[in-house]
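In what follows, a single structure is set out as structure tokens and then discussed.
Listed below in structure tokens is the structure:
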């Protein structure tokens, strides 16, 4: 964000506690001093207007980055993002467009309880006109965020809170971007494709390393973008391995896994050697607070390895 | 009028007069011409709806004086107009050709706001600085505030006006937008066209105070209620608000008391919730004869000139109707266009 704000004076950030506080996760730490209060706007506690104001500024030629303090607080903006931003280009026949990034820290396993743990991606990934990006590594986060800021359409950019501290990785200082809508094979393998995104990528890689010791070769595909979905990369992998397990932290029903599984069933059916399987969060309304309850919700590498073993035996 | 509503007579008191910006006679005549044109078009479209040629119409009849006055008080071509569904006279006063407007009512190819994807005059017409994104009332209020934020950041001296009804004034977005605009002293004019009905729900069930403008104090901006059937009152209030906004002194909430002469839309029947006696009173506050009498009184309008204005408007509407009826519907060829930027939304340089 800092590099993009230096590069393009149309880029500015707005959200709750992002100024003096530097954001509750310090994503904008030092921005106020560097860029000033006009480009680093501490907003009132009013999410709908954060998105609505960013939308109006975006159609007027600016490139706002609007921050939701937690993805759990995103519902008031649903109207402005789904009902409005996603339809502006289509509804004006190309007359206006919305170069807006809506950043939101999401996900659980952080003792966040019902209102600081939620995965919100599938609600937004359903919407034509939006792009939904979910990076899992620091390297991907930088390259994809730069692309999102430079994109001419609204991007919902979801950052898993647990990856902020859990995951460390090399991030080059130099300029680079990564394309939105392109998945990444994070680990090559030949027996089974595990398709995932976000925090679960790291659990899947850990599981794959364990399974390698048992002689099961797992290919791990990181979707990185949920809309538009990179069907080609998924299908190439599944056609190679013949087996697909889709893993996500979000609850199971009508989730991203259903979309990925349906795509595989439609387009790679003749190459499948087993049922396309989903491993996902349990269908309860949200993640509970107490440690054993939270652990019950969250998948880990052990759950994933078990699911892979079952599918591998098929 | 209904319980607890502002008394129109008191709005004409000197205390409600603002500043030194005064409306002159040539501009009043120009407003009258636009009002006749808008009314003639409005009446025709309503008729075309009854003939089955226009699917939906939300009439501006009764609101025109306030709408036209605001356009004259601002700078078309520079300022931005965030309209809502009842703002036909704003669109007319900004100079959008009737043929293009009619393409919208008839949902025909070449419609400039949305390619006939949206209801008439919804979408945007950047050439005329008109933005009207959706039918969800209130959502455009923070969006207009965002446009004003962009204008302030670029130090353009541009003002944004956002129009909305008394119903939209009840939305959370209205509150959030006004609050933010006042905090940051943004160059925006909030223009509430209060006709005292949100479809069928009367003002007394929308707000517990007597008028919408009373809220302005709570946001820390000026708020005033004007007689929206009087072009001078609406013009002077808007011109002063625009000058203040342009000078960096922040937003103003203007509430124009207007009349909704027809049901909410062509699909509505107001006989269930408005008495015929009330509608007689609405007719007495029709802004068109009011402005006509004002112009006659100062000797600017006579019978011959009025006939010429009306005849020209009728001709213009006739031509637009013929043009619209002859125009084809859009093909489905571009159905998938403009979901994303071309080339799948490749990053711009």
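Chains as they are written, first to last, in this note's numbering: chain A, 64 to 377; chain B, 1381 to 1729. No residue lacks a Cβ here, since even glycine has one placed at the ideal position from N, Cα and C. Since the model is a prediction, treat every value here as computed from it, not as a measurement.
Keeping to the same chain, check which residues put their C-beta closer than 6 Å to that of residue i; ignore five residues upstream and five downstream.
| i | result |
| --- | --- |
| residue 1557 of chain B | 1521, 1522 and 1525 |
| residue 57 of chain A | Limits of chain A in this structure are 64 at one end and 377 at the other, which puts residue 57 of chain A out of reach. |
| residue 337 of chain A | 306, 374 and 377 |
| residue 286 of chain A | 246 and 260 |
| residue 1492 of chain B | 1480 and 1505 |
| residue 187 of chain A | 193, 195 and 219 |
| residue 294 of chain A | 326 |
Counting along the chain, where does the alpha helix (DSSP H) carrying residue i start and finish?
| i | result |
| --- | --- |
| residue 1554 of chain B | 1552-1563 |
| residue 94 of chain A | 94-98 |
| residue 1533 of chain B | 1520-1533 |
| residue 371 of chain A | 364-376 |
Measuring CB to CB, does residue i end up less than 8 Å from residue j?
| i | j | result |
| --- | --- | --- |
| residue 1440 of chain B | residue 1468 of chain B | yes |
| residue 180 of chain A | residue 349 of chain A | yes |
| residue 1496 of chain B | residue 1609 of chain B | no |
| residue 1542 of chain B | residue 1508 of chain B | no |
| residue 1618 of chain B | residue 1413 of chain B | no |
| residue 1708 of chain B | residue 147 of chain A | no |
| residue 1675 of chain B | residue 1668 of chain B | no |
| residue 263 of chain A | residue 297 of chain A | no |
| residue 1438 of chain B | residue 154 of chain A | no |
According to DSSP, is residue i helix, strand or coil?
| i | result |
| --- | --- |
| residue 312 of chain A | strand |
| residue 125 of chain A | coil |
| residue 290 of chain A | strand |
| residue 82 of chain A | coil |
| residue 222 of chain A | strand |
| residue 1574 of chain B | strand |
| residue 1448 of chain B | helix |
| residue 1436 of chain B | coil |
| residue 1711 of chain B | coil |
| residue 360 of chain A | helix |
| residue 1541 of chain B | strand |
So residue i is in the beta strand (DSSP E); what residue range does that whole segment cover?
| i | result |
| --- | --- |
| residue 1488 of chain B | Where residue 1488 of chain B is concerned, there is no enclosing beta strand (DSSP E), given that its DSSP letter is neither H nor E. |
| residue 300 of chain A | Premise fails: residue 300 of chain A lies in the alpha helix (DSSP H), 294-304, not in any beta strand (DSSP E). |
| residue 259 of chain A | 255-259 |
| residue 1618 of chain B | Residue 1618 of chain B -> not in any beta strand (DSSP E); alpha helix (DSSP H) instead, spanning 1611-1626. |
| residue 104 of chain A | 103-105 |
| residue 194 of chain A | 194-196 |
| residue 208 of chain A | Here residue 208 of chain A belongs to no beta strand (DSSP E); instead the alpha helix (DSSP H) covers 201-213. |
| residue 1635 of chain B | 1632-1637 |
| residue 1607 of chain B | 1603-1607 |
| residue 1510 of chain B | 1510-1512 |
| residue 1700 of chain B | Segment 1683-1706 is the alpha helix (DSSP H) holding residue 1700 of chain B; no beta strand (DSSP E) there. |
Only counting the same chain, and skipping five residues up and downstream in sequence, which positions put a Cβ closer than 7 Å to that of residue i?
| i | result |
| --- | --- |
| residue 1510 of chain B | 1461, 1463, 1471, 1474 and 1504 |
| residue 1621 of chain B | 1569, 1632 and 1634 |
| residue 1478 of chain B | 1421, 1696, 1697 and 1700 |
| residue 1719 of chain B | none |
| residue 200 of chain A | 230 and 232 |
| residue 1693 of chain B | 1416, 1417 and 1420 |
| residue 121 of chain A | 127, 161, 162 and 163 |
| residue 1566 of chain B | 1525, 1528, 1529, 1532, 1630 and 1631 |
| residue 1434 of chain B | 1425, 1428, 1485 and 1486 |
| residue 1384 of chain B | Only weak support exists for where residue 1384 of chain B lies, its pLDDT of 46 falling under 50; the value from the coordinates is given anyway. Taken in chain order, the residues that qualify are 1584 and 1590. |
| residue 371 of chain A | 255, 257, 270, 274, 279, 281 and 308 |
| residue 143 of chain A | 111, 114, 115 and 118 |
In chain B, which residues lie with their C-beta within 8 Å of the C-beta of residue i?
| i | result |
| --- | --- |
| residue 152 of chain A | 1718, 1719, 1720 and 1721 |
| residue 167 of chain A | Neighbours of residue 167 of chain A on chain B: none; closest Cβ ~18 Å, over 8 Å. |
| residue 118 of chain A | 1522, 1523 and 1526 |
| residue 111 of chain A | 1522, 1552, 1553 and 1556 |
Given that residue i touches chain A, what residues does it touch there, using C-beta distances under 9 Å?
| i | result |
| --- | --- |
| residue 1494 of chain B | 153, 154, 155, 156 and 158 |
How would you list, in chain order, the residues of chain B whose beta-carbon sits under 7 Å from the beta-carbon of residue i?
| i | result |
| --- | --- |
| residue 67 of chain A | Here the premise fails: no neighbours, minimum Cβ distance about 11 Å. |
| residue 191 of chain A | 1719 |
| residue 235 of chain A | Residues of chain B passing the Cβ test: none, with the nearest at roughly 18 Å. |
Find the residues of chain B that neighbour residue i, judging by a C-beta separation of less than 9 Å, and give them in chain order.
| i | result |
| --- | --- |
| residue 288 of chain A | Simply none; closest approach about 11 Å. |
| residue 125 of chain A | 1526, 1529, 1530, 1533 and 1534 |
Closer than 7 Å by beta-carbon distance: list the chain A residues that pair up with residue i, in chain order.
| i | result |
| --- | --- |
| residue 1595 of chain B | Simply none; closest approach about 16 Å. |
Taking Cβ-Cβ distances shorter than 8 Å, what residues in chain A pair up with residue i?
| i | result |
| --- | --- |
| residue 1514 of chain B | 146, 147, 150 and 154 |
| residue 1730 of chain B | Residue 1730 of chain B is absent from the structure shown; chain B starts at 1381 and stops at 1729. |
| residue 1560 of chain B | 106, 107, 109, 112 and 116 |
For residue i, which residues from the same chain have a beta carbon less than 8 Å from its beta carbon, with the 5 sequence-adjacent residues on both sides left out?
| i | result |
| --- | --- |
| residue 251 of chain A | 282 |
| residue 303 of chain A | 253, 256 and 282 |
| residue 85 of chain A | 91, 92, 93, 94 and 95 |
| residue 69 of chain A | none |
| residue 319 of chain A | 184, 185, 188, 260, 286, 289, 309, 311 and 313 |
| residue 134 of chain A | 167, 168, 169, 170, 181, 182, 183 and 221 |
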